Amino acid sequence: SASLPRLAEGLRHLELAADLAGGGTWLTTGVKADVHSTAWAAHAHWLLGQDTEALSACQKAIQLARSIDHPFCLAVALAYGCVTHQMRKDMAGVRDAIAELRQLCDRYDFAYYREWVLILDGWSRTDGSGIDLARRGIDNLESGGSATRMPYWLSLLADLLASNGQPDKARDTLDAALVAAQAHDDLWWLPEVMRLRAAYDEEEEAGISRLRSAARTASAQGSVALLRRCEHDLASSASLSELRKR
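Just so you know, the working numbering puts 568 at position 98 of the sequence shown, and the rest follows in order with no gaps.
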């Protein structure tokens with residue numbers, strides 16, 4: 471439910487799963503249920519506008535994983551923690567979690583989450599070297615048949631492309647993210663992709679219309695954090711329009 475536009479319901483399920491699992495239930499993926507559920511719940515908390523709770527859940531999942539001295543559980547908790555830090559725009563948190571996660575993936579040859587390292591490490595770089603890293607991570611996920619979170623990953627690549635003077639490629643990447651979201655019903659990050667894409671609409675009214683649509687989508691999902699971003703951009707657009715009229 472947390473990957474679909476039912477955030478509050480998804481959060482309830484994740485928290486219930488963590489409570490019912492206690493400390494003795496393991497998922498077939500090789501992760502303790504309470505670690506995975508708590509780490510994932512952090513994302514739902516943040517989207518619902520509960521930043522303090524998001525950080526708390528993120529830290530709790532990592533602490534739980536450390537307490538059982540299980541490398542793969544720790545890798546999962548750190549991977550989800552990287553995403554939590556990225557959404558919170560905590561660059562130091564992203565880099566610290568990435569450094570530890572990379573060491574675990576290298577030491578134990580963990581697949582899948584090492585691609586998260588590439589993408590998030592790429593996003594956190596400011597010297598232009600991150601684009602190739604992020605692309606490699608995304609390509610590896612796609613070649614492995616993993617479409618989950620692809621709109622989110624593509625939005626990070628688009629952010630890198632835009633900040634490195636490649637607006638056309640950034641726009642095309644966001645268009646690909648929009649297609650991926652609809653194709654795979656991976657809609658939790660869709661309002662943000664729409665918001666980012668609005669900046670590339672040549673007609674001002676088209677961009678504002680897209681922003682309004684993004685805001686409606688975020689509101690329907692209960693995604694308070696993404697709605698706030700849309701409302702900020704809409705307010706900025708309105709201010710700019712007023713300035714142009716003077």
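Even for Gly, the Cβ is constructed at its ideal location relative to N, Cα and C.
Remember, predicted model here, so these are calculated numbers, not experimental data.
Run of the alpha helix (DSSP H) containing residue i, from where it starts to where it stops
i    : result
R680 : E674 to Q691
I608 : G600 to S613
G592 : Y583 to S594
L518 : Careful: L518 lies outside any alpha helix (DSSP H) and carries neither H nor E.
Q652 : P637 to A653
F542 : P541 to M557
S616 : Careful: S616 lies outside any alpha helix (DSSP H) and carries neither H nor E.
D566 : M561 to Y578
L497 : No alpha helix (DSSP H) holds L497; DSSP gives it neither H nor E.
R476 : It is not in any alpha helix (DSSP H) - R476 carries neither H nor E in the DSSP assignment.
A669 : That residue, A669, is in no alpha helix (DSSP H); it is neither H nor E in DSSP.
Cβ-Cβ distance between residue i and residue j below 8 Å
i    : j    : result
A690 : R680 : no
V430 : H555 : Residue 430 lies beyond the range of the chain shown here (471 to 716); nothing can be said about it.
S616 : Y578 : no
L648 : I601 : no
R698 : E662 : no
R558 : W516 : yes
I589 : W623 : yes
G614 : L603 : no
G607 : N634 : no
T618 : L660 : no
P621 : A640 : no
Counted within 10 angstroms of its Cβ, other Cβ atoms place residue i as buried (16 or more) or exposed
i    : result
S625 : buried
D656 : buried
K502 : buried
A708 : exposed
T596 : exposed
D504 : buried
T551 : In the sequence on display, residue 551 carries Gly and not Thr. Buried.
T522 : exposed
T499 : exposed
S594 : buried
Closer than 8 Å to chain B by CB, residue i
i    : result
D602 : No chain B appears in this structure, which consists of one protein chain only.
Anticipated Cβ contact below 8 Å, residue i with residue j, distance rounded
i    : j    : result
E585 : L544 : In fact, because the Cβ distance is near 17 Å, the residues do not count as touching under 8 Å.
T508 : A527 : 5 Å
A695 : G519 : 5 Å
Rounded straight-line distance, which links the Cα of residue j to that of residue i
i    : j    : result
A511 : Q533 : 15 Å
D566 : L704 : 34 Å
L627 : A646 : 11 Å
S683 : R665 : 9 Å
L477 : A514 : 6 Å
Q636 : L486 : 44 Å
R482 : R536 : 25 Å
E570 : P541 : 11 Å
K715 : A632 : Residue confidence is low: K715 scores 49 on pLDDT, short of 50, so the model does not pin down where it sits. Its coordinate-derived value is still stated next. Each residue's Cα considered, the two are about 28 Å apart.
E701 : E673 : 19 Å
A488 : L497 : 12 Å
A472 : K530 : Note on A472: pLDDT 46, under 50, position unreliable in the model; the coordinate value appears next. In a straight line, the C-alpha of A472 is about 19 Å away from that of K530.
V587 : A549 : 8 Å
H506 : A562 : 23 Å
S693 : F580 : 32 Å
D539 : C575 : 15 Å
A653 : D609 : 18 Å
E479 : V553 : 21 Å
S706 : T643 : 24 Å
D638 : A676 : 17 Å
L484 : Y670 : 36 Å
W658 : R605 : 22 Å
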